[in-house]
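Student: The listed protein sequences derive, respectively, from chains C and H.
All residue numbers for the first sequence refer to this note's numbering, where the first residue is 4 and numbers rise by one.
All residue numbers for the second sequence refer to this note's numbering, where the first residue is 8 and numbers rise by one.
Note that the Cβ used here is the ideal one computed from N, Cα and C, for glycine as well.
Given the structure is predicted, the values throughout are model-derived calculations rather than measurements.
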Amino acid sequence: MFGQTLAPKMKITLALGLSAVMAAGAAGCSQKEEGTEGQAEGKATITVSNYDRGNIPAAEGTVEDNRWTKWINEHSPVTAKFVPVARAEAVKKLNVLFASGSAPDIVNDYDTGFRNSLYQQKQLMPLDDYLQYAPEYQKLLEKYPQLRKIGTKPDGKLYEIGKINEPHLQSVAFIRMDWLKKLKLEVPKTTDELLVVLKAFVEQDPDGNGKKDTYGTNMSYTSDGMVDSMFGSYGWKISNDDKIIRTWDNTLESLKFKKRLFEEGLIDKDYLADKNGAKAKQDYLNGKIGVYLPPVVSNWFESTVTDVKTLRKIVPEAEIAPMAQPKSSMGQFVHHVVNPVQMTTVINAAAKNPKAAMEYINFIIKPENSLILKKGMEGEHWKKGADGFPKVIDPAKNAKELDWAMDYSMFYSIPENPLLISTTAFDMSDPDQKAGLDMLKKADEFLLNPEAQYPALSHYEHMPTLSSELVVINTNIDKEMKDIYTKGIIGGAPYTPEQAIVDAKAAWERGGGKQIEEFMNTWYKENKGRAFLGKDILELVRSQHK
Amino acid sequence: MRESTGGKIFVIFIHVVLIIISLTCILPFLHLIALSISSGHAVDLGQVWFWPVGLDFTVYIYFFENTPALRAFTNSVIITLCGTALSMLATVLTAYPLSRRYLYARKPITTAALFTMLFSGGMIPTYLVMNSLHLTNTYWSLWFGGLISTYNMLIMKSYFESIPGEVAESAQIDGCGEVQLLMRIILPLSLPMLATLTLFYGVGYWNMFMSVILYINKTNLQNLTVIVQGMLQIQGNFNMSAMDMMQQQEMVSEKLKAVGVVVMVVPMLVVYPFLQKYFVKGIMLGSIKG
Numbered sequence: 004m005f006g007q008t009l010a011p012k013m014k015i016t017l018a019l020g021l022s023a024v025m026a027a028g029a030a031g032c033s034q035k036e037e038g039t040e041g042q043a044e045g046k047a048t049i050t051v052s053n054y055d056r057g058n059i060p061a062a063e064g065t066v067e068d069n070r071w072t073k074w075i076n077e078h079s080p081v082t083a084k085f086v087p088v089a090r091a092e093a094v095k096k097l098n099v100l101f102a103s104g105s106a107p108d109i110v111n112d113y114d115t116g117f118r119n120s121l122y123q124q125k126q127l128m129p130l131d132d133y134l135q136y137a138p139e140y141q142k143l144l145e146k147y148p149q150l151r152k153i154g155t156k157p158d159g160k161l162y163e164i165g166k167i168n169e170p171h172l173q174s175v176a177f178i179r180m181d182w183l184k185k186l187k188l189e190v191p192k193t194t195d196e197l198l199v200v201l202k203a204f205v206e207q208d209p210d211g212n213g214k215k216d217t218y219g220t221n222m223s224y225t226s227d228g229m230v231d232s233m234f235g236s237y238g239w240k241i242s243n244d245d246k247i248i249r250t251w252d253n254t255l256e257s258l259k260f261k262k263r264l265f266e267e268g269l270i271d272k273d274y275l276a277d278k279n280g281a282k283a284k285q286d287y288l289n290g291k292i293g294v295y296l297p298p299v300v301s302n303w304f305e306s307t308v309t310d311v312k313t314l315r316k317i318v319p320e321a322e323i324a325p326m327a328q329p330k331s332s333m334g335q336f337v338h339h340v341v342n343p344v345q346m347t348t349v350i351n352a353a354a355k356n357p358k359a360a361m362e363y364i365n366f367i368i369k370p371e372n373s374l375i376l377k378k379g380m381e382g383e384h385w386k387k388g389a390d391g392f393p394k395v396i397d398p399a400k401n402a403k404e405l406d407w408a409m410d411y412s413m414f415y416s417i418p419e420n421p422l423l424i425s426t427t428a429f430d431m432s433d434p435d436q437k438a439g440l441d442m443l444k445k446a447d448e449f450l451l452n453p454e455a456q457y458p459a460l461s462h463y464e465h466m467p468t469l470s471s472e473l474v475v476i477n478t479n480i481d482k483e484m485k486d487i488y489t490k491g492i493i494g495g496a497p498y499t500p501e502q503a504i505v506d507a508k509a510a511w512e513r514g515g516g517k518q519i520e521e522f523m524n525t526w527y528k529e530n531k532g533r534a535f536l537g538k539d540i541l542e543l544v545r546s547q548h549k
Numbered sequence: 008m009r010e011s012t013g014g015k016i017f018v019i020f021i022h023v024v025l026i027i028i029s030l031t032c033i034l035p036f037l038h039l040i041a042l043s044i045s046s047g048h049a050v051d052l053g054q055v056w057f058w059p060v061g062l063d064f065t066v067y068i069y070f071f072e073n074t075p076a077l078r079a080f081t082n083s084v085i086i087t088l089c090g091t092a093l094s095m096l097a098t099v100l101t102a103y104p105l106s107r108r109y110l111y112a113r114k115p116i117t118t119a120a121l122f123t124m125l126f127s128g129g130m131i132p133t134y135l136v137m138n139s140l141h142l143t144n145t146y147w148s149l150w151f152g153g154l155i156s157t158y159n160m161l162i163m164k165s166y167f168e169s170i171p172g173e174v175a176e177s178a179q180i181d182g183c184g185e186v187q188l189l190m191r192i193i194l195p196l197s198l199p200m201l202a203t204l205t206l207f208y209g210v211g212y213w214n215m216f217m218s219v220i221l222y223i224n225k226t227n228l229q230n231l232t233v234i235v236q237g238m239l240q241i242q243g244n245f246n247m248s249a250m251d252m253m254q255q256q257e258m259v260s261e262k263l264k265a266v267g268v269v270v271m272v273v274p275m276l277v278v279y280p281f282l283q284k285y286f287v288k289g290i291m292l293g294s295i296k297g
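1. Could you work out which residue in T313/C, Y218/C and D181/C is closest to L296/C when comparing CA atoms only?
2. Roughly how many whole angstroms lie between the Cα atoms of K12/C and I193/H?
3. Give the residues of chain H in contact with V66/C, contact being defined as C-beta atoms less than 8 Å apart.
4. Can you tell me whether H384/C is buried or exposed? The criterion is at least 16 other CB atoms within 10 Å of its CB, across all chains shown.
5. I350/C and I109/C look like a contact to me (Cβ under 8 Å); what is the Cβ gap, rounded to whole Å?
6. Taking Cβ-Cβ distances shorter than 8 Å, what residues in chain C pair up with Y134/H?
7. Checking 9 Å against the spacing of the C-beta atoms, do P199/H and Y285/H come in under that value?
8. Between the stretch 452–459 of chain C and the stretch 402–420 of chain C, do three or more beta carbon pairs fall short of 8 Å?
9. So is A61/C in contact with chain H if we call contact Cβ pairs under 9 Å?
10. From what residue to what residue does the alpha helix (DSSP H) around K73/C run?
11. Please classify F177/C: does DSSP put it in a helix, a strand, or coil?
12. My output table needs one value for T478/C: the three-state DSSP class, helix, strand or coil.
13. Using the beta-carbon count (16 or more within 10 Å), is W58/H buried or exposed?
14. Closer than 7 Å between beta carbons: that is the criterion. Which residues of the stretch 391–405 of chain C meet it against chain H?
15. Taking only beta-carbon positions, decide if M130/H is within less than 9 Å of chain C.
16. So which residues on chain C does L194/H lean against when the C-beta distance must stay under 9 Å?
17. Can you list, in chain order, the residues of its chain whose CB lies under 6 Å from that of E36/C, leaving out five sequence neighbours each side?
18. Short check: CB of V294/C to CB of T225/C, under 9 Å?
19. Unbroken alpha helix (DSSP H) runs of length 4 or more, entirely within the stretch 205–259 of chain C: which are they?
20. Could you check which residue in S79/C, N119/C, E206/C and N372/C has the C-alpha nearest to that of I153/C?
21. For L288/C, return the contacting residues in chain H, with the cut-off set at a CB-CB distance below 9 Å.
22. Find the nearest neighbour of T72/C within the set G391/C, K538/C, K394/C and N372/C, judged by alpha-carbon distance.
23. Measure the beta-carbon distance from D435/C to K312/C and round it to whole angstroms, keeping in mind my assumption that it falls under 8 Å.
24. Note down, in chain order, every chain C residue with its Cβ under 8 Å from the Cβ of I5/H.
25. Rounded to a whole number of angstroms, what is the C-alpha to C-alpha distance between S197/H and V186/H?
26. Does DSSP classify N420/C as helix, strand or coil?
27. When you compare only the Cα positions, how much space is there between T91/H and V219/H?
28. Does DSSP classify S33/C as helix, strand or coil?
29. Could you give the distance in angstroms between the alpha-carbon of L62/H and the alpha-carbon of I44/H?
30. Are the C-beta of Q141/C and some C-beta of chain H separated by less than 9 Å?
31. Go ahead and pull the three-state DSSP assignment for G293/C.
32. Does the stretch 205–222 of chain H come close enough to the stretch 88–96 of chain C to have 3 or more Cβ pairs within less than 8 Å?
33. In chain order, what residues of the same chain lie with their CB nearer than 7 Å to the CB of F366/C, ignoring the 5 residues before and after it?
34. Cβ closer than 7 Å: which chain C residues qualify as neighbours of N138/H?
35. Is the beta carbon of M137/H sitting closer than 9 Å to the one on W213/H?
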């Protein structure tokens with residue numbers, strides 16, 4: 004009774020509430036889209052994805068609209084509209100854009116697997132017919148045939164635009180020369196000598212404080228990959244009968260070595276707790292590590308100048324030198340190298356004006372334009388130094404106005420413009436920086452040892468992309484094998500590295516690893532001619548150093 | 008009653024456990040605050056624990072001057088305030104009718120709402136909907152994407168239901184309509200629950216991340232979470248830093264990350280005490296006479 008009389012009123016209230024919400028929605032719909040301004044008459048308009056790293060000062064504008072996008076659009080033959088893509092979520096975001104049909108015309112992304120998936124979904128534009136609109140890139144293709152080889156997909160057409168990188172090491176071991184001198188030792192040439200040196204670093208009190216508080220080396224985070232590469236333990240290699248096989252032997256030798264490092268106390272026994280390598284780096288900067296294996300050297304200036312300065316504040320007599328990979332029982336290897344040919348850019352198959360897209364790419368990779376996008380305006384952000392190279396006028400100004408703009412020229416091949424190469428950042432009149440540059444040059448020389456092999460099947464960006472089912476299999480087995488290997492290192496006498504390999508092999512078989520092996524070999528058989536493998540990497544890098 | 012020795016030990020034990028748990032929550036944050044205001048040199052060498060070494064606030068200045076943080080902060084505040092208000096409004100307007108027994112088709116509507124808790128449209132279809140409604144690149148996409156959290160709505164609905172029917176009945180006998188009943192009787196009685204849900208929604212909007220990444224294509228509309236997350240992610244991933252070789256500014260220092268996290272967390276810490284007083288207030292003190 005009571006309820007029934009009130010029911011109509013109730014409905015009205017509900018309706019009112021709903022309509023209020025709907026009205027709010029309608030207001031949302033009526034918001035105008037902006038972004039049509041700055042469109043010069045007659046110029047074609049294209050959209051370009053650009054990483055958003057959250058580092059543009061608010062006063063400078065946004066990824067879509069700032070002094071450099073204005074500069075680009077003022078000088079470029081086409082009008083570019085930029086689509087910001089958050090760096091950390093780039094693949095997810097671009098996938099959504101593609102799936103909803105709103106992806107940009109030019110897509111810049113470093114992720115090989117992602118670009119391959121776009122190719123498989125037929126989302127990419129073949130570029131062969133449009134190359135004529137990018138003569139700068141054609142020139143590059145002629146100079147570096149590898150670019151065409153890698154950018155070509157299985158159907159024989161060119162799909163990817165790439166760049167040539169500076170041919171430096173991706174990581175290198177740094178050894179304390181002052182400790183070696185003090186203990187009257189030589190730079191170790193083999194892994195056995197390395198063990199002797201590390202033992203001395205731990206036991207003979209190289210820092211002279213009377214305490215046994217030094218480590219030989221470090222293995223935390225990804226630094227153990229440096230040990231793996233001494234033994235060529237990467238997972239895959241090419242066998243003598245030209246097949247792709249697993250590197251069980253290499254991994255065994257590497258494991259044995261790691262176990263010795265651990266059991267003889269040559270590394271921090273808590274190395275597994277150092278998840279991001281920060282503790283190891285602190286130990287190194289505090290002068291407690293003899294041979295520092297950095298997870299990666301992403302900035303040579305920082306590793307050879309800034310870090311050394313920090314170290315010297317604590318240990319004024321510290322002397323650092325890069326160390327070549329010692330020869331191991333599995334042979335002589337080089338360190339991993341920065342990917343010399345890196346694919347970065349594809350064009351959306353749905354692009355309305357691929358000609359304009361190619362013209363845009365051509366515009367950006369003109370050396371004089373990339374110089375502006377990477378170094379700024381002459382006289383404003385840099386001036387020519389005595390050596391003819393650009394010198395930054397005011398680093399603070401550049402940090403605000405310029406340093407975030409590099410992604411606009413992401414696909415530019417730095418070594419093609421001598422004014423841009425990173426060695427020019429070192430100021431030769433400063434003794435510390437000169438020493439830093441010498442270190443970099445010495446590290447580069449390690450690559451030239453003709454006996455040394457590349458420690459992996461290829462750079463990971465050039466490895467074949469597994470199908471999604473195989474990725475799942477691979478991830479699961481990989482995790483299991485990592486745990487087994489870790490047990491092999493820290494498991495003490497009862498759990499030997501040999502046993503760990505036996506168990507890892509079993510886990511590989513059990514988890515379906517054979518399928519991956521089959522896939523790899525089929526891929527190798529079909530793509531032998533096109534694949535960019537370790538020896539090709541070394542060959543290219545060596546030719547760049549000549 | 009006096010406690011036995013065993014009881015005392017038990018109480019001490021409980022206290023120790025609780026103190027340890029609260030320390031695990033507080034200490035990491037203290038560490039971050041200390042990192043953010045220590046000198047960079049001390050941070051590099053790992054000398055900073057819970058007390059700052061060599062006071063230095065330059066990174067805060069850098070954070071607000073050299074990154075879009077200030078703009079993003081403002082955006083976060085707008086998203087949170089408007090979003091929370093809209094969500095609370097919509098949730099109340101849904102929960103209240105559903106809590107009335109005489110609502111027509113009450114069961115099916117509730118079931119339909121429950122259904123959305125179990126099955127969602129998924130990322131791409133939702134994006135397509137937003138896109139075709141021209142809501143992408145506006146905050147409406149964020150607010151409408153999860154306007155009503157079904158879970159919160161159900162909490163509210165059962166709270167409304169728990170208010171004795173006699174309260175509503177006596178008000179209606181005095182001539183109170185539905186709107187008035189809701190505004191003057193039910194809502195004032197529900198303040199503790201409203202405060203809690205406001206906080207839930209507020210924190211949700213403040214921490215909103217994936218929707219912003221997906222629906223907002225304009226940098227100047229991004230919120231703080233996206234900016235700070237970007238800072239934390241970079242360099243955390245080995246492959247990524249190796250890919251972007253020459254990018255000096257990639258190397259976001261530990262200090263800057265700490266500043267980002269502190270700036271991200273502090274506003275919620277500030278808001279919490281203001282809402283907290285409602286949590287402890289009695290729920291229906293003296294609402295029914297006699």
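Tutor: Taking the definition as stated:
1. Ranking T313/C, Y218/C and D181/C by Cα distance to L296/C puts Y218/C first.
2. In this prediction, K12/C has a pLDDT of 45, which is less than 50 and means its spatial position is unreliable; what the coordinates show is noted afterwards. So the alpha carbons of these two residues sit roughly 17 Å apart.
3. By Cβ distance, chain H contributes T226.
4. Buried, since its Cβ has 16 or more Cβ neighbours within 10 Å.
5. Taking 8 Å as the upper bound for CB-CB distance, I350/C and I109/C are in contact here, some 6 Å apart.
6. Near Y134/H (Cβ distances below 8 Å), the residues of chain C are V99, A102 and S103.
7. Contact: yes.
8. Judged by Cβ distances under 8 Å, the stretch 452–459 of chain C makes no contact with the stretch 402–420 of chain C, as fewer than three pairs qualify.
9. Closer than 9 Å: yes.
10. It spans R70 to H78 - the alpha helix (DSSP H) in which K73/C sits, taken as one unbroken run.
11. In this structure, DSSP gives F177/C an extended state, which the three-state scheme calls strand.
12. T478/C falls in the helix class under three-state DSSP.
13. Classification of W58/H: exposed, given that the 10 Å Cβ count is below 16.
14. Going along the stretch 391–405 of chain C in chain order, one finds A402 and K403 with a Cβ nearer than 7 Å to chain H.
15. It does: the Cβ of M130/H has a partner Cβ on chain C nearer than 9 Å.
16. Near L194/H there are no residues of chain C at all, since even the closest Cβ is about 13 Å away, more than 9 Å.
17. Below a pLDDT of 50, predicted positions are generally treated as unreliable, and E36/C, at 40, falls in that range; the measurement from the model is reported next regardless. Closer than 6 Å at Cβ, skipping near neighbours: no residue.
18. Going by C-beta atoms, V294/C is not nearer than 9 Å to T225/C.
19. List check, alpha helix (DSSP H) in window: 227–233.
20. Nearest C-alpha to I153/C: N119/C.
21. Contact note: L288/C reaches chain H through D51, L52 and G53, using a C-beta cutoff of 9 Å and chain order.
22. Taking only the C-alpha atoms, the option nearest T72/C is N372/C.
23. Between K312/C and D435/C the Cβ distance is about 6 Å, and since that is below 8 Å, they are a contact.
24. Residue 5/H lies beyond the range of chain H shown here (8 to 297); nothing can be said about it.
25. Each residue's alpha carbon lies about 15 Å from the other.
26. In the structure shown, the three-state DSSP call for N420/C is coil.
27. A direct Cα-to-Cα measurement between T91/H and V219/H gives close to 16 Å.
28. With a pLDDT of only 38 at S33/C, under the threshold of 50, the placement of this residue in the model should not be trusted, and no figure is reported.
29. If you take the alpha carbons of L62/H and I44/H, they lie about 6 Å apart.
30. Under the Cβ criterion of 9 Å, Q141/C is not counted among the residues facing chain H.
31. Note: G293/C maps to strand in three-state DSSP.
32. With the cut-off at 8 Å, the stretch 205–222 of chain H and the stretch 88–96 of chain C touch.
33. Within the same chain, S79, P80 and N372 come within 7 Å of F366/C by CB-CB distance, once the 5 residues on both sides are set aside.
34. Chain-ordered, the chain C residues with CB closer than 7 Å to the CB of N138/H read S103 and S105.
35. Not a contact, by the Cβ cut-off of 9 Å.
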